[in-house]
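Asks:
Numbering (UniProt numbering), first residue to last: 1 to 227.
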């Protein structure tokens, strides 16, 4: 759950984004960062395996050795690395993670329940190449326990947001949002569970959009373009 901007009238050139699924006859490489069970990683991995995402997962990295997502990655035969963060200065840990991502030729990074705040330096190494998913309709309810925040506030609709990661928490340009109604018989747990179902759909959708390079950014708006 990490989120970390961009602006002005910006067209993303292929030389910067490099987000064609095949470029110089090379399949694009995804890197996954996670800290827990990694259910969004599972959904992405399933879609990659089914050919629904035109890429391969080159590495899965966790800052916790006990993360369920790491065991899942190993079972899938993926490169799985643990780079412990406990007791390590943020900048030093970030440099270790960035090196691992670069060593594995990662083109696009997906944060899947990664409970670390990325440093500005980390973000700058991968401009518009880091995605995050958040369980609310940003900019509403940023931060932890977003679905509980929404439920306690009494909103009638909530949902999830996939966005580019920038130097600020839950702030980057929005790629995909899915709306989930808040039912009268909901509690914060049932709402969170239904939002999670939509997260699994939204994240893969956003990855496909970015890999296809079929978008431009105007101000803060991510706008679809003809391929």
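No residue lacks a Cβ here, since even glycine has one placed at the ideal position from N, Cα and C.
1) Considering residue 194, what are the terminal residues of the alpha helix (DSSP H) in which it resides?
2) Taking its Cβ as the centre, do 16 or more other Cβ atoms sit within 10 Å of residue 50, making it buried, or is it exposed?
3) What does the alpha-carbon distance come out to for the pair residue 22 and residue 140?
4) Secondary structure at residue 128, three-state DSSP: helix, strand or coil?
5) For residue 199 and residue 130, which I take to be in contact (beta-carbon distance under 8 Å), what is that distance rounded to the nearest angstrom?
6) Is it the case that the Cβ atoms of residue 144 and residue 39 are separated by a distance below 8 Å?
7) Please indicate yes or no: does the CB of residue 219 lie closer than 7 Å to some heavy atom of the ligand COA?
8) So, residue 30 versus residue 123, is the Cβ gap smaller than 8 Å?
9) I need the straight-line Cα distance from residue 151 to residue 208, nearest angstrom please.
10) Rounded C-beta distance between residue 176 and residue 158? I'm assuming under 8 Å.
11) State the CB to CB distance for the pair residue 109 and residue 169, rounded to an integer number of angstroms; the pair is presumed to be in contact (CB under 8 Å).
12) Bridge partners for residue 181 per DSSP, in chain order?
13) Would you call the CB atoms of residue 162 and residue 202 closer than 8 Å?
14) Provide the residue(s) that pair with residue 134 in DSSP beta bridges, ordered along the chain.
15) Buried or exposed: residue 215, going by 16 or more other Cβ atoms within 10 Å of its Cβ?
16) Can you tell which of 90, 156 and 46 has the C-alpha that lies nearest to the C-alpha of residue 75?
Replies: On the basis of the supplied data:
1) 188-212
2) exposed
3) Confidence is the limiting factor: at residue 22 the pLDDT is only 40, short of 50, which leaves the residue's position unreliable, though a coordinate-based value still follows. Looking at the two C-alpha atoms, the distance is approximately 36 Å.
4) coil
5) Contact flag wrong, Cβ pair sits at about 17 Å.
6) no
7) This structure simply doesn't include the ligand COA, nor any ligand for that matter.
8) no
9) 30 Å
10) At roughly 15 Å, the Cβ-Cβ gap does not stay under 8 Å, so residue 176 and residue 158 are not in contact.
11) Not really, about 17 Å apart at Cβ, beyond 8 Å.
12) Looking at the DSSP assignment, residue 181 forms a beta bridge with 157.
13) yes
14) 161
15) Buried, by the Cβ-count rule.
16) Among 90, 156 and 46, the Cα nearest to that of residue 75 belongs to 46.
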